[in-house]
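Protein chains in written order, with our numbering: chain A, 71 to 184; chain B, 15 to 128.
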């Protein structure tokens with residue numbers, strides 16, 4: 071049973087427009103949510119995070135929104151640039167006795183067309 | 015500062031063979047973890063460690079062993095390789111802070127089991 075789901079496997083957007091990536095989760099114990107970006111043949115890199123007690127976090131062109139009642143978060147990229155073409159993973163963090171544990175979604179492949 | 019390094023980059027094994035995937039970090043991070051990435055499944059946690067001598071199981075630990083004798087190294091051992099273990103393996107590390115702290119990923123090891 072996947073606790074973190076990204077229901078759109080791919081997204082295509084024109085350069086300069088907004089990219090919206092969605093993520094749903096089921097576990098109410100998640101205390102942080104993170105977005106990672108991954109280029110081919112490289113490891114994922116951290117993009118932005120949000121605490122479960124907040125509803126919005128912004129960093130430059132990237133904004134993450136959290137709707138706790140709906141157990142839904144989204145990542146907005148404005149404006150989209152060709153270099154944003156990558157796979158984006160949503161992840162959720164849960165505090166465990168042995169330390170924080172990350173659960174990842176399946177990823178969304180974004181293609182930004184020039 | 016090399017960050018997180020993984021060796022080898024590629025490996026082909028026959029069913030039943032054993033091998034060790036190496037992971038090292040030079041950032042003095044307490045927390046280290048191993049993930050596998052399969053198409054459409056995102057990254058799934060195999061094992062993690064919160065410090066030298068302390069390890070715990072993740073979501074998909076069967077068929078894998080880990081140990082953490084130093085802060086820097088966190089090798090992943092495949093005891094008897096199976097075709098189902100064909101995947102891309104990522105090692106990651108982070109400071110053991112609140113759940114929002116980013117993990118730094120290595121470049122990955124692509125493993126094929128025939």
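Yeah, the Cβ is synthetic: ideal placement off N, Cα and C, and Gly gets one too. Being a predicted model, the structure only gives us computed values, none of them experimental.
Short Cβ contact (8 angstroms threshold) for residue i with residue j
i                     : j                     : result
residue 93 (chain B)  : residue 77 (chain B)  : yes
residue 51 (chain B)  : residue 57 (chain B)  : yes
residue 76 (chain A)  : residue 175 (chain A) : yes
residue 118 (chain A) : residue 129 (chain A) : yes
residue 82 (chain B)  : residue 96 (chain B)  : no
residue 21 (chain B)  : residue 36 (chain B)  : yes
residue 178 (chain A) : residue 110 (chain A) : no
residue 122 (chain B) : residue 18 (chain B)  : no
residue 180 (chain A) : residue 139 (chain A) : no
residue 74 (chain B)  : residue 90 (chain B)  : no
residue 115 (chain B) : residue 88 (chain B)  : no
residue 182 (chain A) : residue 108 (chain A) : no
residue 24 (chain B)  : residue 113 (chain A) : no
residue 141 (chain A) : residue 95 (chain A)  : yes
residue 97 (chain A)  : residue 73 (chain A)  : yes
residue 55 (chain B)  : residue 107 (chain B) : no
residue 143 (chain A) : residue 103 (chain A) : yes
residue 86 (chain B)  : residue 16 (chain B)  : no
8 angstroms Cβ cutoff, residue i in contact with chain A
i                     : result
residue 59 (chain B)  : yes
residue 55 (chain B)  : yes
residue 117 (chain B) : yes
residue 97 (chain B)  : no
residue 75 (chain B)  : no
residue 121 (chain B) : yes
residue 109 (chain B) : no
residue 24 (chain B)  : no
residue 88 (chain B)  : no
Bridge-paired residues (DSSP) for residue i
i                     : result
residue 174 (chain A) : A:161
residue 118 (chain B) : B:107
residue 61 (chain B)  : B:48, B:71
residue 34 (chain B)  : B:91
residue 124 (chain B) : B:24, B:102
residue 56 (chain B)  : B:52
residue 117 (chain A) : Answer is none; residue 117 (chain A) lacks a bridge partner.
residue 19 (chain B)  : B:38
residue 100 (chain A) : DSSP output for residue 100 (chain A) lists no bridge partner at all.
Closer than 8 angstroms to chain B by CB, residue i
i                     : result
residue 14 (chain A)  : Limits of chain A in this structure are 71 at one end and 184 at the other, which puts residue 14 (chain A) out of reach.
residue 70 (chain A)  : A query on residue 70 (chain A) cannot be resolved here, the shown segment of chain A reaching from 71 to 184 and no further.
residue 135 (chain A) : no
residue 175 (chain A) : yes
residue 159 (chain A) : yes
residue 79 (chain A)  : yes
State whether the segment 81-95 of chain A contacts the segment 144-157 of chain A, with contact taken as three or more CB pairs (one from each stretch) at a distance under 8 angstroms. Contact between the segment 81-95 of chain A and the segment 144-157 of chain A is present, with at least three C-beta pairs closer than 8 angstroms.
Touch check for the segment 37-46 of chain B and the segment 152-164 of chain A: three-plus C-beta pairs under 8 angstroms? By the Cβ test, the segment 37-46 of chain B is not in contact with the segment 152-164 of chain A, since fewer than three Cβ pairs between them sit closer than 8 angstroms.
I want to know whether the segment 81-101 of chain B touches the segment 114-127 of chain B - three or more CB-CB distances under 8 angstroms. Verdict: yes, contact present.
Is there contact here, the segment 128-136 of chain A with the segment 79-89 of chain A, by at least three beta-carbon pairs under 8 angstroms? Contact annotation: the segment 128-136 of chain A does not touch the segment 79-89 of chain A, with fewer than three C-beta pairs closer than 8 angstroms.
Continuous beta strand (DSSP E) assignments of at least 3 residues falling wholly in the segment 127-171 of chain A: List check, beta strand (DSSP E) in window: 132-137, 142-147, 156-166.
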